[in-house]
Amino acid sequence: MLERSPNKKHTKITFVVAADHPAQQISVVGDFNNWQPGAHPLVVRTDGARAVTLTLPREQRYSFRYLAHGDNWFDDDHADGHDGHNSVLHT
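Take the sequence shown: its position 62, counted from the start at 1, is 62 in our numbering, and no numbers get skipped.
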């Protein structure tokens with residue numbers, strides 16, 4: 001799930017994975033971090049969900065996926081779209 005907080009030049013995007021997801025370690029990987037695994041790990045919230053917030057330039061398109069421990073890649077079902085391989089985010 002994606003949570004957004006836009007301002008004039010940037011949008012804060014919070015990438016959220018539900019508390020009931022079985023993976024223990026998850027990071028978000030995409031165009032915004034050169035697909036570098038572990039660059040943006042999700043941390044546990046008080047409600048048990050895991051999340052990380054990034055500030056990205058507005059009016060951009062990014063491809064991304066989540067990477068869980070054990071090289072388990074998965075998409076965000078609530079992304080702005082999918083390009084056939086990745087989730088898509090529009091800021």
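Where is the CB? At the ideal position from N, CA and C, for every residue including glycine.
Being a predicted model, the structure only gives us computed values, none of them experimental.
Nearest to residue i (by Cα), restricted to the options the options
| i | options | result |
| --- | --- | --- |
| residue 35 | 90, 66, 78 | 66 |
| residue 30 | 7, 8, 61, 11 | 61 |
| residue 48 | 27, 21, 56, 68 | 21 |
| residue 71 | 1, 38, 52 | 38 |
| residue 1 | 56, 7, 8, 17 | 17 |
| residue 42 | 23, 57, 77 | 23 |
| residue 33 | 45, 46, 55, 44 | 55 |
Neighbourhood of residue i by C-beta, 8 Å cutoff - its chain only, sequence neighbours within 5 removed
| i | result |
| --- | --- |
| residue 82 | 75, 88 |
| residue 85 | 63 |
DSSP bridge partner residues for residue i (one or two, in chain order)
| i | result |
| --- | --- |
| residue 22 | Paired residue(s): none; residue 22 is not in a bridge. |
| residue 72 | 68 |
| residue 48 | Per DSSP, none; premise fails for residue 48. |
| residue 54 | 13 |
Cβ-based neighbour list, residue i, same chain, cut-off 7 Å, excluding 5 preceding and 5 following
| i | result |
| --- | --- |
| residue 58 | 6, 9, 10, 11, 91 |
Pair within 9 Å by beta-carbon distance, residue i and residue j
| i | j | result |
| --- | --- | --- |
| residue 50 | residue 13 | no |
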